[in-house]
Amino acid sequence: MRKIELLSPAGDMNKLKTAFYFGADAVYIGGKGLSLRALAGNFTDEELREAVEYAHARNKKVYVTVNVFAKNTDLEKAEEYFKYLESIKVDGAIISDTGLVSLCLAVAPNLPINLSTQANTLNYKTVEFWKNHGVKRVILARELGLEEIAEISNKVKDIEIETFIHGAMCISYSGRCLLSDYTTGRKSNRGECVQACRWQYEIREKSTDGAFLEMQEDERGTYIMNSKDLCLVDYIGELDRAGVVSFKIEGRMKSEYYLATVVNAYRRAIDEYYAKGDDYKDNPLYKTELEKTAHREFTTAYLLGENDRTVNYDDSQSKGTFKFTALVLDYNEKEKYAIIEMRNRFMVGDSLEVLSPNDTFNKTITVEKMVNGKGEEITDAKLVQEKIKLYTDLPLKSGDILRKKN
Numbered sequence: 562m563r564k565i566e567l568l569s570p571a572g573d574m575n576k577l578k579t580a581f582y583f584g585a586d587a588v589y590i591g592g593k594g595l596s597l598r599a600l601a602g603n604f605t606d607e608e609l610r611e612a613v614e615y616a617h618a619r620n621k622k623v624y625v626t627v628n629v630f631a632k633n634t635d636l637e638k639a640e641e642y643f644k645y646l647e648s649i650k651v652d653g654a655i656i657s658d659t660g661l662v663s664l665c666l667a668v669a670p671n672l673p674i675n676l677s678t679q680a681n682t683l684n685y686k687t688v689e690f691w692k693n694h695g696v697k698r699v700i701l702a703r704e705l706g707l708e709e710i711a712e713i714s715n716k717v718k719d720i721e722i723e724t725f726i727h728g729a730m731c732i733s734y735s736g737r738c739l740l741s742d743y744t745t746g747r748k749s750n751r752g753e754c755v756q757a758c759r760w761q762y763e764i765r766e767k768s769t770d771g772a773f774l775e776m777q778e779d780e781r782g783t784y785i786m787n788s789k790d791l792c793l794v795d796y797i798g799e800l801d802r803a804g805v806v807s808f809k810i811e812g813r814m815k816s817e818y819y820l821a822t823v824v825n826a827y828r829r830a831i832d833e834y835y836a837k838g839d840d841y842k843d844n845p846l847y848k849t850e851l852e853k854t855a856h857r858e859f860t861t862a863y864l865l866g867e868n869d870r871t872v873n874y875d876d877s878q879s880k881g882t883f884k885f886t887a888l889v890l891d892y893n894e895k896e897k898y899a900i901i902e903m904r905n906r907f908m909v910g911d912s913l914e915v916l917s918p919n920d921t922f923n924k925t926i927t928v929e930k931m932v933n934g935k936g937e938e939i940t941d942a943k944l945v946q947e948k949i950k951l952y953t954d955l956p957l958k959s960g961d962i963l964r965k966k967n
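According to this note's numbering, the residues represented by the sequence shown are 562 to 967, in order.
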């Protein structure tokens with residue numbers, strides 16, 4: 562039986578481990594060059610090797626983004642890079658540029674190619690073309706609806722279909738935007754996007770005497786290019802039946818807490834879908850969980866057809882209903898305390914909620930006793946990344962996250 566792959570971003574090694582711990586089947590990551598998220602931490606060549614070895618030891622997969630629109634000066638470097646990715650047994654290279662696809666096929670024939678969403682694939686003839694030219698998987702454009710995705714799957718066999726299921730969207734077709742280039746000189750399609758579409762803008766018009774007059778707007782009318790966030794947690798079955806094999810979460814520049822929250826929610830939703838079918842939708846947990854981390858207003862985008870309500874006018878991004886308070890490093894079963902690394906301030910008497918892939922998920926801890934690294938009992942955890950003994954009977958695991966309601 563084919564099972565949906567849950568695919569998470571990972572901007573660095575810590576985020577990769579977080580994604581796998583919370584249930585991702587695969588991650589997509591970038592090297593130090595030729596990737597569209599140059600501002601993420603990204604991976605050196607040796608770290609790429611380490612990432613692949615770490616993943617494969619856990620029966621997980623790693624896809625590497627090589628999705629810039631290449632110039633002549635990139636080609637020699639890309640040739641060596643493809644050979645290296647093939648040698649360390651990367652599970653696929655995510656490519657958008659036609660020339661790079663051709664180059665990869667020539668110099669690294671055993672490296673599978675996943676066609677990037679940047680290629681803006683919108684129809685089955687294009688998918689058929691790429692299949693005939695050696696591509697193993699196509700990441701469809703976000704602008705497609707369910708019926709269109711299903712038609713592509715039915716018309717073109719023996720090629721994998723991947724779609725985005727959650728995260729930020731661009732105002733341009735899958736990120737082909739020049740706004741960052743014009744406003745800051747940082748090139749979107751060379752990996753340097755500053756997300757200028759998220760900025761707050763002031764619209765003015767010029768009067769006949771040459772003076773600028775401010776255009777009156779209400780309090781929501783300044784974020785004119787700020788897309789809502791995609792959220793398709795209620796459409797797992799529909800996408801599965803449409804032939805999608807990989808559900809992709811956006812966000813190589815997002816935080817560990819964001820990844821943990823979103824991956825955990827989709828992992829649990831997918832597992833419940835396999836156990837109960839579409840009845841998993843009766844569980845309100847998943848939407849509630851996704852609102853606990855930073856996000857914009859959610860939208861289904863174009864999945865259900867044309868949609869002219871995908872702009873988020875209210876703000877650039879909400880902070881979510883909970884904040885990341887501490888990372889669990891270890892648990893002493895005998896003495897009943899967890900060793901945690903503080904991330905946001907909390908105190909004795911506070912209630913902390915557990916984010917975990919285990920049975921402690923969403924259980925709460927009332928903070929009663931804490932001891933710092935000097936052996937002193939404290940009532941206020943206020944030093945960022947301080948390691949603290951937190952006494953609790955809950956058997957926490959390394960990698961669990963503690964969070965506090967905002």
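Here a beta-carbon is modelled for each residue, glycine too, at the ideal position from N, C-alpha and C.
Cα-Cα separation between residue i and residue j, rounded to whole angstroms
| i | j | result |
| --- | --- | --- |
| E506 | I649 | Residue 506 cannot be examined here, being either before or after the span of the chain that is shown, 562 to 967. |
| K895 | I939 | 21 Å |
| V588 | Y952 | 34 Å |
| S879 | I656 | 32 Å |
| L890 | M903 | 10 Å |
| F630 | D658 | 5 Å |
| E858 | I962 | 24 Å |
| I722 | R698 | 6 Å |
| I565 | D586 | 9 Å |
| E614 | D652 | 11 Å |
| E608 | A667 | 25 Å |
| R703 | I810 | 12 Å |
| N923 | S917 | 8 Å |
| D573 | G960 | 15 Å |
| K935 | I949 | 9 Å |
| S663 | F643 | 11 Å |
| N603 | G594 | 9 Å |
| K897 | A942 | 19 Å |
Sequence-distant residues of the same chain with beta carbon closer than 7 Å to residue i, five excluded per side
| i | result |
| --- | --- |
| A803 | L707, I710, A711 and S714 |
| V755 | S741, T745 and R747 |
| D994 | Residue 994 lies beyond the residue range present for the chain, which begins at 562 and ends at 967; the question has no answer from this structure. |
| M786 | I732 and C758 |
| A887 | I901, E902, M903, R904 and L963 |
| L955 | V915, T921, K924 and I926 |
| N628 | S596, L597, I655, I656, S657, S677 and Q679 |
Boundaries of the beta strand (DSSP E) in which residue i is found, first to last residue
| i | result |
| --- | --- |
| I901 | Y898 to M903 |
| S807 | S807 to I810 |
| D891 | F883 to N893 |
| S648 | S648 -> not in any beta strand (DSSP E); alpha helix (DSSP H) instead, spanning L636 to S648. |
| E723 | E721 to G728 |
| I674 | I674 to L676 |
| R698 | R698 to I700 |
| K622 | K622 to V627 |
| T927 | T925 to T927 |
Three-state class that DSSP yields for residue i in the structure shown
| i | result |
| --- | --- |
| R829 | helix |
| C792 | strand |
| A862 | coil |
| M574 | helix |
| I655 | strand |
| I732 | coil |
| L740 | helix |
| S959 | coil |
| A942 | strand |
| S816 | coil |
| I565 | coil |
| L951 | strand |
| R870 | coil |
| G592 | strand |
| F907 | strand |
| R857 | coil |
| K965 | strand |
Contacts around residue i, its chain only, beta-carbon distance under 6 Å, and the 5 residues preceding and following it disregarded
| i | result |
| --- | --- |
| L701 | T682 and T724 |
| H617 | none |
| G881 | K853, T854 and A855 |
Residue range of the unbroken alpha helix (DSSP H) whose run includes residue i
| i | result |
| --- | --- |
| K935 | Careful: K935 lies outside any alpha helix (DSSP H) and carries neither H nor E. |
| D840 | Looking at the DSSP string, D840 is not in any alpha helix (DSSP H), and its letter there is neither H nor E. |
| S912 | Looking at the DSSP string, S912 is not in any alpha helix (DSSP H); the run it does join, the beta strand (DSSP E), is S912 to L916. |
| L609 | D606 to H617 |
| K686 | Y685 to N693 |
| I716 | Reading the sequence as shown, one finds Lys at residue 716 and not Ile. L707 to K716 is the extent of the alpha helix (DSSP H) around K716. |
| R802 | I797 to R802 |
Test: residue i CB closer than 8 Å to a CB of chain B
| i | result |
| --- | --- |
| T634 | Of the protein chains in this structure there is only one, and it is not chain B. |
| Is there contact here, the stretch 821–832 with the stretch 796–811, by at least three beta-carbon pairs under 8 Å? | yes
| task | Evaluate contact between the stretch 925–935 and the stretch 850–870, counting only Cβ atoms and requiring at least three cross-stretch pairs below 8 Å. | result | no
| Between the stretch 807–826 and the stretch 842–859, are three or more C-beta pairs nearer than 8 Å? | yes
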